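Numbering (the working numbering), first residue to last: 204 to 621. Note that CB positions come from ideal geometry on N, CA and C, so glycine has one too. For clarity, every value in this text was computed on a predicted model and none was experimentally measured. Heads up: the structure comes next, in structure tokens.
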């Protein structure tokens with residue numbers, strides 16, 4: 204079984220455990236269909252609805268394409284559409300062929316695409332297809348259900364947007380969809396990279412259409428993902444608000460802290476400089492944009508909220524200062540544990556840091572603390588054997604004191620008689 208099949212199998216198992224989930228904003232953007240730009244294609248999903256898990260935006264790093272799902276149906280037909288779509292893509296189907304499968308499943312939407320293969324949306328949707336010609340002419344075309352395609356080799360994008368029932372901004376989707384489509388076209392024409400355009404589109408949709416919960420984003424050219432940065436941590440809850448603060452960071456030393464803990468800080472505890480607030484859609488851009496300073500950090504062993512994000516910032520800061528050195532990285536992480544920035548995990552050792560410098564990747568393997576501890580036991584410069592002896596002596600002294608207090612009258616009378 205290849206890596207892609209394993210990914211899809213795990214995804215299917217995960218989807219079976221979910222309540223109904225619907226992404227109401229799906230976007231695929233292709234700024235460089237030649238495949239040369241590592242930031243030449245991006246995609247992502249958001250919604251006002253609950254349960255926005257990563258299953259609504261799947262990516263094959265090997266194939267360089269994604270599958271975005273949504274619609275008004277419950278999870279059963281959507282699951283069927285996703286499974287069939289993925290099977291077709293494994294057999295080299297085009298995005299148009301893959302997305303057209305959604306029409307067989309009532310109320311379901313499938314969007315699929317990649318940097319070199321173009322993009323398409325099929326099934327139940329309200330979308331614009333944006334194209335930008337070689338001479339920078341922007342064309343924005345509306346489509347409603349059926350199939351809509353961005354041809355391979357074409358700069359452009361597809362954006363689907365509808366409002367979720369219960370959204371206070373219900374009814375805004377039609378105008379916002381058109382505004383964002385035009386904005387995307389202008390940004391492609393002006394040379395912005397795909398992750399940047401996706402980020403700005405998310406910020407606009409979240410603010411003006413209210414479909415504001417992650418979800419997340421993908422860099423289809425380089426295989427980067429926001430993972431579970433913005434998806435909900437509990438069932439039947441909404442994801443992270445994409446147009447609100449996500450972290451506060453120090454531009455001088457790289458120290459950062461995520462919300463809600465960030466609310467306690469105005470200045471950096473290291474150099475006292477004023478912290479900068481990073482909005483969630485801006486954090487998305489940073490996470491999936493490849494630059495000369497890009498460091499891909501993965502965490503394992505703990506899914507506790509904040510562990511992944513805080514570790515990424517710590518590792519990136521350590522690498523910038525000391526290079527890809529396991530000792531320095533582990534020392535920085537352990538200092539963060541001591542200072543209470545990482546909670547619920549044990550200290551790490553250099554052997555727990557997996558470094559692949561050639562691909563600018565660092566993996567950190569945590570061990571969760573037992574018995575609901577929030578911090579590791581102190582590493583005192585004295586053996587536990589000696590501590591046991593001291594403890595036993597203290598216990599003995601305590602018992603003697605108790606006996607003296609209990610029998611003080613008897614002892615005093617005995618001394619007087621003598």
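ask   = Taking C-beta to C-beta, are residue 418 and residue 438 nearer than 9 Å?
value = Taking the first residue of the chain shown as position 1, residue 418 is located at position 215. Taking the first residue of the chain shown as position 1, residue 438 is located at position 235. No.
message = Cutting at 8 Å between CB atoms, please list the residues of its own chain near residue 576, excluding the five before and the five after it.
response = Indexing the chain shown from 1 puts residue 576 at position 373. So the list reads 547, once near-sequence residues are dropped.
Close Cβ partners of residue 339 (< 7 Å) along its chain, the five nearest in sequence each way excluded = Within the chain shown, numbered from 1, the residue matching residue 339 stands at position 136. Here the set comprises 392.
query = Could you give the C-beta distance for residue 442 and residue 433, rounded to a whole number, given that I count them as a contact under 8 Å?
reply = Counting from one through the chain shown, the residue named residue 442 turns up at place 239. Counting from one through the chain shown, the residue named residue 433 turns up at place 230. That pair is a contact at about 5 Å.
query = Is it buried or exposed for residue 554, if we count other Cβ within 10 angstroms and need 16 for buried?
reply = Taking the first residue of the chain shown as 1, we reach residue 554 at position 351. Exposed is the call here.
key: Cutoff 6 Å; reference residue 386; Cβ partners in own chain excluding five residues on either side   = Counting from one through the chain shown, the residue named residue 386 turns up at place 183. Answer for residue 386: no residue qualifies.
ask   = With 16 other CB atoms within 10 Å as the buried threshold, where does residue 475 fall?
value = Against the chain shown, residue 475 aligns to sequence position 272. So residue 475 ends up on the exposed side.
request  = Evaluate the contact criterion for the region 453 to 464 versus the region 362 to 378: three or more CB pairs, one atom per stretch, below 8 Å.
outcome  = no
query = Just to confirm, are residue 326 and residue 267 a CB contact at a threshold of 9 Å?
reply = Position 123 of the chain shown, counted from the start, is the residue given in the question as residue 326. Position 64 of the chain shown, counted from the start, is the residue given in the question as residue 267. No, the Cβ-Cβ distance between residue 326 and residue 267 is not below 9 Å.
query = Cβ of residue 335 within 9 Å of Cβ of residue 344?
reply = For the purposes of this step, residue 335 is taken as the residue at position 132 of the chain shown. For the purposes of this step, residue 344 is taken as the residue at position 141 of the chain shown. Residue 335 is not a Cβ neighbour of residue 344, given a cutoff of 9 Å.
task = Counting only the same chain and skipping the five closest in sequence on each side, list residues whose C-beta sits under 8 Å from that of residue 513.
result = In the chain shown, residue 513 corresponds to position 310, counting from 1. For residue 513, where only same-chain residues beyond five positions count, the Cβ hits under 8 Å are 459, 460, 461, 539, 544 and 545.
request  = Take residue 257 and list the residues in its own chain whose beta-carbon comes closer than 7 Å to its own, dropping the five residues that flank it on each side.
outcome  = Taking the chain shown and counting its residues from 1, one reaches residue 257 at position 54. Bear in mind that the predicted position of residue 257 carries a pLDDT of just 49, short of 50, making it unreliable; the figure below should be weighed with that in mind. 419, 430, 431 and 434.
request  = Decide if residue 404 is buried, meaning its Cβ has at least 16 other Cβ atoms within 10 Å, or exposed.
outcome  = As a working mapping, residue 404 is identified with position 201 in the chain shown. Buried, because 16 or more other Cβ atoms sit within 10 Å of the Cβ of residue 404.
key: residue 560 versus 550, 541, 389 and 526, residue with shortest Cα-Cα distance   = Counting from one through the chain shown, the residue named residue 560 turns up at place 357. The shortest C-alpha separation from residue 560 is found at 526.
message = If contact is defined by three or more beta carbon pairs under 8 Å, each pair taking one atom from either stretch, is the region 406 to 416 in contact with the region 247 to 255?
response = yes
inquiry  = I want to know whether the region 237 to 245 touches the region 486 to 505 - three or more CB-CB distances under 8 Å.
reply    = yes
ask   = Taking buried to mean at least 16 other C-beta atoms within 10 Å of its own C-beta, is residue 449 buried or exposed?
value = As a working mapping, residue 449 is identified with position 246 in the chain shown. Under this definition residue 449 is a buried residue.
query = Tell me the DSSP bridge mates of residue 459?
reply = The count along the chain shown starts at 1 and reaches residue 459 at position 256. DSSP lists 452 as partners of residue 459.
query = Does the beta-carbon distance from residue 270 to residue 297 come in below 9 Å?
reply = Against the chain shown, residue 270 aligns to sequence position 67. Against the chain shown, residue 297 aligns to sequence position 94. Not a contact, by the Cβ cut-off of 9 Å.
query = residue 500 and residue 406: beta carbons closer than 9 Å?
reply = Walking along the chain shown from the start, residue 500 turns up at place 297. Walking along the chain shown from the start, residue 406 turns up at place 203. Contact flag unset, no.
ask   = Taking just the CA atoms, how far does residue 389 sit from residue 486?
value = Start at 1 with the first residue of the chain shown, and residue 486 comes out as number 283. Start at 1 with the first residue of the chain shown, and residue 389 comes out as number 186. Whole-angstrom Cα-Cα distance: 22 Å.
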